[in-house]
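Novice:
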Amino acid sequence: MHHKVTIEPFRIKVVEQIKLTTEEERQVFLKNANYNPFLLHSNEVIIDLLTDSGTSAMSSEQWAGIMRGDESYAGASSWQRMENTIKDLTGYTYILPTHQGRAAEHLLYSRIGGAGKVFISNTHFDTTRANIEFTGAKAIDLPIEEGKHPEVIHPFKGNLDTKALLRTIENYGPKNVAAVILTVTNNSGGGQPVSMANARAVAEICKKHSILFILDACRIAENSWYIRDHEAGYEDKTYRQIAQEMFGLADGCIMSAKKDALVNMGGFLALKDLDLAISCRTVLIITEGYSTYGGLSGRDMEAIAQGLEEVFDEDYLDYRIKSTAYLGNHLDAMGIPVIKPIGGHAVYVDARSFYPHIPPHEFPGQSLVCELYLKAGIRSCEIGSVMFGKYDEQGQLIPAEMELVRLAIPRRVYTQSHIDYVIETFRELKKERHLAKGFRITYEPPFLRHFTARFEPLGGKDSPQVAGLEKGGVFA
Ligand code: F0G
Numbered sequence: 038m039h040h041k042v043t044i045e046p047f048r049i050k051v052v053e054q055i056k057l058t059t060e061e062e063r064q065v066f067l068k069n070a071n072y073n074p075f076l077l078h079s080n081e082v083i084i085d086l087l088t089d090s091g092t093s094a095m096s097s098e099q100w101a102g103i104m105r106g107d108e109s110y111a112g113a114s115s116w117q118r119m120e121n122t123i124k125d126l127t128g129y130t131y132i133l134p135t136h137q138g139r140a141a142e143h144l145l146y147s148r149i150g151g152a153g154k155v156f157i158s159n160t161h162f163d164t165t166r167a168n169i170e171f172t173g174a175k176a177i178d179l180p181i182e183e184g185k186h187p188e189v190i191h192p193f194k195g196n197l198d199t200k201a202l203l204r205t206i207e208n209y210g211p212k213n214v215a216a217v218i219l220t221v222t223n224n225s226g227g228g229q230p231v232s233m234a235n236a237r238a239v240a241e242i243c244k245k246h247s248i249l250f251i252l253d254a255c256r257i258a259e260n261s262w263y264i265r266d267h268e269a270g271y272e273d274k275t276y277r278q279i280a281q282e283m284f285g286l287a288d289g290c291i292m293s294a295k296k297d298a299l300v301n302m303g304g305f306l307a308l309k310d311l312d313l314a315i316s317c318r319t320v321l322i323i324t325e326g327y328s329t330y331g332g333l334s335g336r337d338m339e340a341i342a343q344g345l346e347e348v349f350d351e352d353y354l355d356y357r358i359k360s361t362a363y364l365g366n367h368l369d370a371m372g373i374p375v376i377k378p379i380g381g382h383a384v385y386v387d388a389r390s391f392y393p394h395i396p397p398h399e400f401p402g403q404s405l406v407c408e409l410y411l412k413a414g415i416r417s418c419e420i421g422s423v424m425f426g427k428y429d430e431q432g433q434l435i436p437a438e439m440e441l442v443r444l445a446i447p448r449r450v451y452t453q454s455h456i457d458y459v460i461e462t463f464r465e466l467k468k469e470r471h472l473a474k475g476f477r478i479t480y481e482p483p484f485l486r487h488f489t490a491r492f493e494p495l496g497g498k499d500s501p502q503v504a505g506l507e508k509g510g511v512f513a
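Residues 38 to 513 (my numbering) make up the sequence shown, in order.
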């Protein structure tokens, strides 16, 4: 029999109570959080779709690994297991463990960045961009044109524009390009996959110009699902083999283990080049920890090694991609504008077209994030002008390319009825869409402002009396 329903391929062994709240309660919680869901307490949230990062449910085998964790300072057996697993998977020789992905970014980009250097990516994730810009270097995003249009269908919208890449290398001079970073899947661009053909083309360009080619590989298992499904010649390969082929094209990778390694904390940097690895190891030991644990406990390293094996399981990956698409396709069918095709780890709603009456400088994405929370206790994340907006010299907002709201799906955590509840909420929000109001920022830090920014609603009864940013620091 052919089954239409894709079931969760796991049973639930441990449960965590969700606290149900009322709309009146949530109004108070949101105001206290200054209309920034990052500042909410988790027990004020019913369905948490803020991120798929570090929010996975671990398997019984991972928990068993937690007990086996070897906490020796140097040369722990848990480190050997993690190192061997990553070497086998990636083919890279030098593995540097870190407490999460951005620490690995810091190790590498602080060594190869600096003023005058340029980094090029399909899209830099926000911590990647911040780590690069913090060194004084420049980060340039070159997604393919299709990737910039939410409604355009293309099987690999995460691809990097190779023509633009060549032009940009020529423009800045190959010596000034510190690295090309391919983010798979392309998180900020809608969780869209990158094809093997694109990765191969990027690899060739990098090789020809002697430029370092790095994979931001935190969702490479999910990316492999799309390659097998959509790219000719991969039908008979395993997801793991597809990932291995892609790793083989690059000079190294950065991985936040909080995604496709199915753990709550962890990451690593993996490199082919010895001199670069030694240089990064110095920063590792100064900032993270000794080179056989980095920022990790032995038990974390066991769980990562186990997770990196489980994530390539055929039934798991099939369920993972299809259950995310279930949410996306239902929203699409009811006329909610979503980025299509649906990405692997999240559904991205195009808030600019959902709320056309709210201009970018009043942050339509922030409005949708707040409405979802108020209506149903659903926490989501703005990926638009709050996250990526800049200011020109006159202090006017230069809006982001898109005004998106990300509904990220934690791995193995929510069941179909949780997702049906999200779908039902959107049905309500659609009816009231014309009532939604914009926001203004009352406080923002200089880097990564979306985490700690504070907001005030415009036009409603809480509308601000005075304009202008608050002076002084706010430590949220
Ligand atoms: N690269 C990508 C593509 C990411 O999505 C993330 C994190 C990182 C690097 C940094 O890894 O969090 O372990 O330091 N993304 C999370 C998210 C935060 O919600 O998408 P980290």
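Built from N, CA and C at the ideal position, the CB exists for glycine as well.
1. What's the C-alpha gap between ALA362 and GLY380?
2. Consult DSSP for MET371 and reduce its assignment to one of helix, strand or coil.
3. Evaluate PRO134 with the Cβ neighbour count: other Cβ atoms within 10 Å of its Cβ, from every protein chain shown; 16 or more gives buried, anything less gives exposed.
4. What does the alpha-carbon distance come out to for the pair ILE248 and THR452?
5. Where does the unbroken alpha helix (DSSP H) through THR92 begin, and where does it stop?
6. The ligand F0G and ASP273: does the residue's C-beta get closer than 7 angstroms to at least one heavy atom of that ligand?
7. In this structure, what does DSSP give as the bridge partners for MET292?
8. Near LEU495, which residues of its chain fall below 8 angstroms by C-beta distance, leaving aside the five closest residues on each side in sequence?
9. Does the beta carbon of ARG139 fall short of 7 angstroms from some heavy atom of the ligand F0G?
10. Entirely within the segment 131-203 and at least 4 residues each: give me those alpha helix (DSSP H) ranges in chain order.
11. Give every residue of the same chain whose Cβ lies closer than 8 angstroms to the Cβ of TYR271, excluding the five residues on either side of it in the sequence, and list them in chain order.
12. Is it buried or exposed, PHE47, if we count other Cβ atoms within 10 angstroms and call 16 or more buried?
13. Please check the pair LEU145 and LEU306, which I expect to be a contact at CB under 8 angstroms, by giving their CB distance rounded to whole angstroms.
14. Following a CB-centred definition, is ASN224 positioned closer than 7 angstroms to any heavy atom of the ligand F0G?
15. In or out: ILE218 buried (at least 16 other Cβ within 10 Å) or exposed?
16. Tell me, please, whether the CB atom of LEU77 is closer than 8 angstroms to any CB atom in chain D?
17. List the residues that DSSP assigns as beta-bridge partners of TYR480.
18. Is any non-hydrogen atom of the ligand F0G found closer than 7 angstroms to the C-beta of PHE162, if you look at the structure I gave you?
19. Following a CB-centred definition, is THR324 positioned closer than 7 angstroms to any heavy atom of the ligand F0G?
20. Since MET283 and VAL221 are thought to touch, with beta carbons under 8 angstroms apart, how far apart are those beta carbons, to the nearest angstrom?
21. Under 7 angstroms: does the beta carbon of ASP288 sit that close to some heavy atom of the ligand F0G?
22. How about GLY331: is its Cβ closer than 7 angstroms to a heavy atom in the ligand F0G?
Specialist: If we stick to the structure as given:
1. Computed Cα separation, rounded: 7 angstroms.
2. Looking at MET371 - three-state DSSP - the assignment turns out to be coil, as it is neither helix nor strand.
3. PRO134 sits buried, since 16 or more C-beta atoms from the chains shown fall within 10 Å of its C-beta.
4. Going by C-alpha positions, ILE248 is about 44 angstroms away from THR452.
5. Element bounds for THR92: n/a, residue is neither H nor E.
6. No.
7. DSSP lists PHE305 as partners of MET292.
8. Excluding sequence neighbours, LEU495 sits near GLU399, LYS474, GLY475, PHE476, ARG477 and PRO501.
9. At a threshold of 7 angstroms, ARG139 counts as near the ligand F0G, since its beta carbon sits closer than that to one of the ligand's heavy atoms.
10. Listed in chain order, the complete alpha helix (DSSP H) runs (minimum 4 residues) inside the segment 131-203 are 138-149 and 163-171.
11. Its chain contains MET233, ILE264, ARG265 and ILE279 as the residues whose beta carbon lies nearer than 8 angstroms to that of TYR271, once the 5 sequence neighbours on both sides are disregarded; these appear in chain order.
12. PHE47 counts as exposed, since fewer than 16 other C-beta atoms from the protein chains shown sit within 10 angstroms of its C-beta.
13. Taking the Cβ atoms as the reference, LEU145 lies roughly 6 angstroms from LEU306, within the contact range of under 8 angstroms.
14. True, at least one ligand heavy atom lies under 7 angstroms from that Cβ.
15. When all chains shown are included, ILE218 counts as buried.
16. Chain labels in this structure do not include chain D; a single protein chain is all it has.
17. DSSP output for TYR480 lists ARG491 as bridge partner(s).
18. PHE162 Cβ: within cutoff of the ligand F0G.
19. No - the ligand F0G has no heavy atom lying nearer than 7 angstroms to the Cβ of THR324.
20. So it is a contact: roughly 7 angstroms between Cβ atoms.
21. When distances are taken from the beta-carbon of ASP288 to the heavy atoms of the ligand F0G, even the shortest one reaches 7 angstroms or more.
22. It does not: the Cβ of GLY331 is nowhere closer than 7 angstroms to a heavy atom of the ligand F0G.
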